[in-house]
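The structure under discussion appears below in the form of structure tokens.
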Amino acid sequence: MRGQRLMAGVAGALFLISAAMTGNAKADGPHFSKASLKGDYMCNMTGSADDFNTGSFTDLSFATVESYDGHGNFLGHGWQVAPPYPICTVVVGGAVQVNSDGTGLRSAGYGLCGANVGDSGTYPQAIVIERNGARYDLVGLGSGFVLSAYCIRRDSH
Amino acid sequence: MKRTIVFSMAMVAMLALTSAGPANADSGNHFSNRSLNGSFGCRNLGLLFVGTEPGLPTASVGRQVFDGRGHMGGSAVGQIAGLVCHWSLTNGSYQIDPSGVGSAAFVLVPAATDDPSCESTPSGSPDSEYFVIGQEGEPFLFFDASSLSGNCSPQDD
Chain A
1 MRGQRLMAGV AGALFLISAA MTGNAKADGP HFSKASLKGD YMCNMTGSAD DFNTGSFTDL
61 SFATVESYDG HGNFLGHGWQ VAPPYPICTV VVGGAVQVNS DGTGLRSAGY GLCGANVGDS
121 GTYPQAIVIE RNGARYDLVG LGSGFVLSAY CIRRDSH
Chain B
1001 MKRTIVFSMA MVAMLALTSA GPANADSGNH FSNRSLNGSF GCRNLGLLFV GTEPGLPTAS
1061 VGRQVFDGRG HMGGSAVGQI AGLVCHWSLT NGSYQIDPSG VGSAAFVLVP AATDDPSCES
1121 TPSGSPDSEY FVIGQEGEPF LFFDASSLSG NCSPQDD
């Protein structure tokens, strides 16, 4: 009887420790690296191209496929639209740095088209990774564009 | 002995329930502060209104951590009409009603290296967000006191 009580107590203690460890892991969150981003992602980026001096804002949207190699490099292409100009094709590529908490920075070179072809260049972007790498969100930090995007890995949904 | 085993099994079951996964909806879609537990990646986009001035194009991404007990915190980086800011979300609290409608209040503290325009005071200023929770672990929508809106997804799957 005594032994059984002791076993029950030990089992209870083990589960308490296990629950506490689970709670800590949850508070810390999962850990990420460049390897967290690998495969093809469908991205939708929306926002505006802005001239803050004149207060002129133009809606801008992108739909792209971006492929990551798991080592922090990506390449992509897709569509860009900035009404009233026609839809045209855009290319993007660059490198990403990932912190262990899933935040990071991306340097993205855009080959723009249509009315924005003159704005082609490299732009800094902040990212946050979700769902263990199956999704990430980003925001553009470059001047002249206020854009945010979400990207979902093709094999995840 | 039978009572000891039954008691141990009940304790194990209770511990298993209390250590269950993220964004737990209670049975019958009764939500509570326990419904948000873990780290989330978030994005938002919209116009930021300050006083009676015209809205400023704004976009951001961030990481928010909820403890399941009404406390939250995190970080965010974004652009407000060309101004790039990095914030910490401190002293955060949240509450969720049984239908899954909730709100959070926190203090936005700008990074010391940011432009002073990033915040009204160096020690930060109170801010809030309002959200609706989806299914277990699903994204939720949020709005801050301006017309920004977006969504969050759990960082783990």
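Going line by line, the protein sequences match chains A and B.
When the count follows my numbering, it moves up by one through the first sequence with no breaks and lands on 157 for the last residue.
When the count follows my numbering, it moves up by one through the second sequence with no breaks and lands on 1157 for the last residue.
Cβ coordinates follow ideal geometry from the N, Cα and C atoms, glycine included.
Enclosing beta strand (DSSP E) for residue i [first to last residue]
i, result
"Thr46 of chain A", "Lys38 to Asp51"
"Asn1151 of chain B", "Ser1149 to Pro1154"
"Tyr85 of chain A", "Note, Tyr85 of chain A: premise wrong, no beta strand (DSSP E); not H, not E."
"Arg135 of chain A", "Arg135 to Gly140"
"Val1132 of chain B", "Ser1125 to Ile1133"
"Gly109 of chain A", "Thr103 to Gly111"
Residue burial classification, residue i (beta-carbon count within 10 angstroms, cutoff 16)
i, result
"Glu101 of chain A", "Residue 101 of chain A is actually Asp in this sequence, not Glu. It is buried - the Cβ of Asp101 of chain A has at least 16 other Cβ atoms within 10 Å."
"Thr54 of chain A", "exposed"
"Val1101 of chain B", "exposed"
"Asn24 of chain A", "Confidence at Asn24 of chain A is low in this model, with a pLDDT of 44, below 50, so the placement of that residue should be treated as unreliable; the coordinate-derived value is given next. Asn24 of chain A should be labelled exposed."
"Asp1097 of chain B", "exposed"
"His1086 of chain B", "buried"
"Asn1044 of chain B", "buried"
"Thr1052 of chain B", "exposed"
"Gly70 of chain A", "exposed"
"Val90 of chain A", "buried"
"Arg154 of chain A", "exposed"
"Ser148 of chain A", "buried"
"Asn1037 of chain B", "buried"
"Tyr110 of chain A", "buried"
Within-7 Å CB hit, residue i to chain D
i, result
"Gly1041 of chain B", "Protein chains A and B are contained in the structure displayed, whereas chain D is not."
Given residue i as reference, the closest of the options once Cα atoms are compared
i, options, result
"Gly1078 of chain B", "A:Arg154, A:Pro84 and A:Phe145", "A:Phe145"
"Phe32 of chain A", "A:Glu130, A:His77, A:Asn73 and A:Ser48", "A:Glu130"
"Cys151 of chain A", "A:Cys88, A:Gly47, A:Ser143 and A:Ala134", "A:Ala134"
"Gly39 of chain A", "A:Asp59, A:Gly76 and A:Gln97", "A:Gly76"
"Leu1048 of chain B", "B:Ala1076, B:Leu1056 and B:Phe1131", "B:Leu1056"
"Pro1126 of chain B", "B:Gly1046, B:Ile1133, B:Asn1033 and B:Asn1091", "B:Asn1091"
"Ala95 of chain A", "A:Tyr68, A:Thr46, A:Thr64 and A:Phe52", "A:Tyr68"
"Ser1075 of chain B", "B:Val1050, B:Pro1054, B:Gly1068 and B:Ser1039", "B:Ser1039"
"Cys43 of chain A", "A:Asp51, A:Val92 and A:Tyr85", "A:Val92"
"Val85 of chain A", "A:Ser36, A:Thr64, A:Asp59 and A:Asp119", "Rather than Val, the amino acid found at residue 85 of chain A in this sequence is Tyr. Among A:Ser36, A:Thr64, A:Asp59 and A:Asp119, the Cα nearest to that of Tyr85 of chain A is on A:Asp59."
Supposed close pair residue i, residue j - CB separation, criterion 8 Å
i, j, result
"Ala115 of chain A", "Ala82 of chain A", "6 Å"
"Ser1158 of chain B", "Ser1128 of chain B", "With chain B covering 1001 to 1157 only, the question about residue 1158 of chain B has no answer from this structure."
"Ala1112 of chain B", "Gly47 of chain A", "With a Cβ gap of about 28 Å, Ala1112 of chain B and Gly47 of chain A do not count as contacting."
| said: So within the stretch 1047-1110 of chain B, which uninterrupted beta strand (DSSP E) runs reach at least 3 residues, ignoring any that extend past its ends? | reply: Entirely contained in the stretch 1047-1110 of chain B, the beta strand (DSSP E) runs reaching 3 residues are, in chain order, 1056-1067, 1071-1080, 1083-1096 and 1101-1110.
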